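I have placed the structure first, in the form of structure tokens, so that the comments after it can refer back to it.
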Amino acid sequence: MTGPGIAEIGNARTRVTVWLLHRFFMLTRGMTLGVRAACFDDKGRIFLVRHTYVPGWYMPGGGVERHETALQALAKELREEGNLKIRGAPELLHVYLNRNASPRDHVLFYKVSVEQTAPRLPDREIAESGFFALDALPDGVTSATLRRLEELADEVPRGEYW
């Protein structure tokens, strides 16, 4: 391979065509995108959160907003839900269809090393949070969270659905 290649969207006609197609796709193929992460501290413990509005313990995450990259969304959600700072490069493990949320919701699942900058105090969104040894998880961990942990441990193959 040589040279820089050509621009994917180079001229005005291409830009207009792509713009129109994406407006059409928003109506016909609309989907939502979220990020979630298995966050491990330097002791190998996983960080979980318990929300105020749904039952169970989850790995932290949330939606990717307009004009936000997946990695920006990941850093924001980890900071908001756990006062977590990413150490090193996040590892994208898999992409899932989350049929539980809607037939058009996709989740990018990452593995991340983190450090907590301060304890996460409860508020209107997060009831509890903390780091847990994998052999001492709290009661009420969600089935999807347990499946992701089994996949991480190579105990089961990665699924397609969250």
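Mapping of the sequence shown onto UniProt numbering: position 16 corresponds to residue 16, and the numbering continues sequentially without gaps. Heads up, the beta-carbon is just placed ideally off N, CA and C, and yes, glycines get one too. All figures in this text were calculated on a predicted structure; none of them were measured in a lab.
- Each residue's CA atom was taken as its position, placing Glu81 and Thr17 some 39 Å apart.
- In this structure the stretch 120 to 131 lies against the stretch 51 to 62, because at least three pairs of beta carbons, one per stretch, are closer than 8 Å.
- Closest by C-alpha distance to Arg45, out of Asn83, Pro90, Val112, is Val112.
- Measuring C-alpha to C-alpha distances from Gly34 to each of Thr52, Leu121, Leu97 identifies Leu97 as the nearest.
- An exposed status is given to Ala153, since fewer than 16 other beta-carbon atoms sit within 10 Å of its beta-carbon.
- Val64 and Ala75 do not touch by the CB rule: their CB atoms are close to 12 Å apart, not below 8 Å.
- DSSP, reduced to helix, strand and coil, places Lys76 within a helical segment of the structure shown.
- When DSSP states are grouped into helix, strand and coil, Val114 belongs to the strand group.
- Taking 9 Å as the cut-off, the Cβ atoms of Leu71 and Pro55 do not count as close.
- Sequence-distant Cβ neighbours of Arg120 in its own chain, meaning closer than 6 Å and more than five residues away, are Gly82, Asn83, Ser129.
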